[in-house]
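If you read the sequence shown in this note's numbering, its first letter stands for residue 47, the second for the next number, and so on. Glycine residues also receive a C-beta, built at the ideal position from the N, C-alpha and C atoms.
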Amino acid sequence: MNKIDNDFATSRIISVGVSDCADPDRAVAEAAAQLTRDAICFVLVFVPEQLEETAVAAALNTHLPRTPVFGCTSAGQITPQGYGDKALLMVAFLREHFRCSSKLFHPLKPVSIEDTARAAQILHRRFHTTGNWKRFAITIADGLSKQEDVLVAALEAGLGDIPVFGGSAGHGVAFDITYVLHGGRFYENAALLLIVETDLDFEPIKFDHIMHTDLQLVVTESNPEDRIVNEINGSPAAEEYARLINCDLDALSPPVFAEHPVLVRNLDNWYVRAIQGVLDDGSLAFLSAIENGLVLTLGRAKNIIETMDAELAVAGPRGEPPHFVLGFDCVLRRLEIDQKQLTASASDILRHRRVVGFNTYGEQFGGVHMNQTFLGIAFFTPKTEFAL
């Protein structure tokens with residue numbers, strides 16, 4: 047059983063449970079036993095690669111039978127001790143400060159923008175409003191569905207001023223299958239929408255550590271539906287990408303893609319379009335939307351640890367740190383950190399900044415699906431309480 051950070055153990059805002067046990071039932075039992083006895087509104091569960099999802103679902107139904115539980119399989123976990131690979135993580139949101147309403151989209155593919163926006167709007171309208179409480183939404187989607195771009199745009203359209211924060215489910219670095227948890231079951235080809243109401247103040251955190259260069263790449267042949275780029279600059283995609291980053295074709299791998307990302311520009315903002323892998327025919331599979339004629343810009347990385355520490359140094363109305371940060375952190379960032387042997391340093395920062403969450407196959411915010419980005423929600427005591 048894992049020892050939980052004392053601040054989380056005594057918090058009356060969230061409660062956290064963690065287990066590294068390889069047996070699904072015991073892991074769920076251990077993590078659930080660490081949760082507070084206070085009234086729980088809902089629990090988010092992030093499942094490590096080695097735990098079989100059906101067995102986890104059965105154990106959750108046994109050990110948390112009357113508690114709404116949502117979540118997904120993950121590409122890594124952010125526990126109170128920092129990064130984890132084998133940790134079953136539970137984050138319980140307490141009823142004193144949170145209320146929620148949920149919807150499952152299954153099957154997810156293909157996403158209907160009109161139907162999805164309408165469903166989100168109906169969920170919002172039917173969710174009774176608590177006076178002076180604020181709302182945000184969380185979406186977790188099958189990370190291999192290739193539907194996140196359309197999904198988050200539809201949710202933004204339906205929910206209007208309610209900010210939507212999202213993370214794509216993962217499965218280690220296998221990129222083979224991912225699952226979303228809702229109603230006591232894990233679903234492939236699905237997405238979860240949670241509308242959450244809270245009396246706390248909250249602020250978004252979004253950052254990456256990538257700077258653009260002057261080197262541009264043009265997608266000259268692609269399969270947008272499957273996010274596959276066949277040609278870049280009129281040459282086989284993998285071959286041209288390897289040439290531009292001065293890398294052997296056979297050496298292309300997720301750590302290389304993380305170190306040499308490509309970006310797209312939207313007005314004054316830059317977003318990473320991450321490469322998933324090289325296909326047998328020399329094409330490149332991407333984790334975000336691509337299309338013919340898309341202009342990509344080669345990026346280069348800043349110091350990932352310095353950037354993380356600076357960007358997570360958020361403060362509330364009296365300069366106080368957040369009660370906690372719910373984090374959605376791209377697996378490609380995690381791969382770079384591991385490759386550079388910076389995991390201990392990154393974990394120290396995450397622990398100090400009170401981050402809990404998971405490593406994703408993609409992140410969603412502001413109606414945009416992106417990669418190689420940290421996205422978070424920082425929660426603070428409301429300004430109105432300080433005025434009393």
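Practice problem: Grab the span of the alpha helix (DSSP H) containing glutamate 142 for me, first residue to last. | Solution: Run containing glutamate 142: none; DSSP gives neither H nor E here.
Self-check item: Residue span of the alpha helix (DSSP H) that contains histidine 398, given as start and end
Solution: 389-398
Exercise. Reducing DSSP to helix, strand and coil, say where glycine 403 ends up.
Key: strand
Quiz item: Should proline 94 be labelled buried (16 or more other beta-carbon atoms within 10 Å of its own) or exposed?
Solution: buried
Quiz item: On the three-state DSSP scale, how would you describe asparagine 107?
Solution: helix
Quiz item: Thinking C-beta only, is threonine 185 closer than 8 Å to leucine 169?
Solution: no
Self-check item: Three or more C-beta pairs below 8 Å linking the stretch 220-228 and the stretch 187-198
Solution: yes
Quiz item: Do proline 363 and glycine 328 have their CB atoms nearer than 8 Å?
Solution: no
Self-check item: Closer than 7 Å: leucine 388 CB and nearest the ligand FMN heavy atom
Solution: The model depicted lacks the ligand FMN and carries no ligand whatsoever.
Quiz item: Taking C-beta to C-beta, are isoleucine 251 and glutamate 382 nearer than 8 Å?
Solution: no
Quiz item: According to the neighbour-count rule (16 or more other Cβ atoms, all chains shown, within 10 Å of its Cβ), is glutamine 418 buried or exposed?
Solution: buried
Quiz prompt | Entirely enclosed alpha helix (DSSP H) segments - the stretch 185-257, minimum 4 residues | solution = 194-205
Quiz item: With a Cβ-Cβ cutoff of 8 Å, do phenylalanine 374 and glycine 403 count as a contact?
Solution: yes
Quiz prompt | Under 8 Å between C-beta atoms of leucine 134 and alanine 73 | solution = yes
Self-check item: Span of the alpha helix (DSSP H), counted from its first residue to its last, around isoleucine 350
Solution: 350-357
Self-check item: Beta-ladder partner(s) of glutamate 24, from DSSP
Solution: Shown here, the chain extends from 47 to 434; a query on residue 24 therefore has no answer.
Practice problem: Determine the extent of the beta strand (DSSP E) in which aspartate 71 is found, giving its start and end residues. | Solution: Where aspartate 71 is concerned, there is no enclosing beta strand (DSSP E), although the alpha helix (DSSP H) it sits in stretches over 70-79.
Quiz prompt | Nearest to alanine 75 (by Cα), restricted to the options Ser57, Pro111, Ile60 and Asp84 | solution = Pro111
Quiz item: If you follow the beta strand (DSSP E) that threonine 343 is part of, which residue opens it and which one closes it?
Solution: 341-347
Quiz item: What is the residue span of the alpha helix (DSSP H) that aspartate 161 lies within?
Solution: 159-172
Quiz item: Is the stretch 293-302 touching the stretch 174-181, taking contact as three or more C-beta pairs under 8 Å?
Solution: no
Quiz item: Which of helix, strand or coil does DSSP assign to leucine 378?
Solution: helix
Practice problem: With DSSP collapsed to three states, give me the class of isoleucine 321. | Solution: strand
Quiz prompt | Alpha-carbon spacing of leucine 154 relative to leucine 239, whole angstroms | solution = 12 Å
Practice problem: Assign alanine 121 to one of two classes, buried (16 or more other C-beta atoms within 10 Å of its C-beta) or exposed (fewer than that). | Solution: buried
Self-check item: Counterpart residues of glutamine 96 in DSSP-defined beta bridges
Solution: DSSP output for glutamine 96 lists no bridge partner at all.
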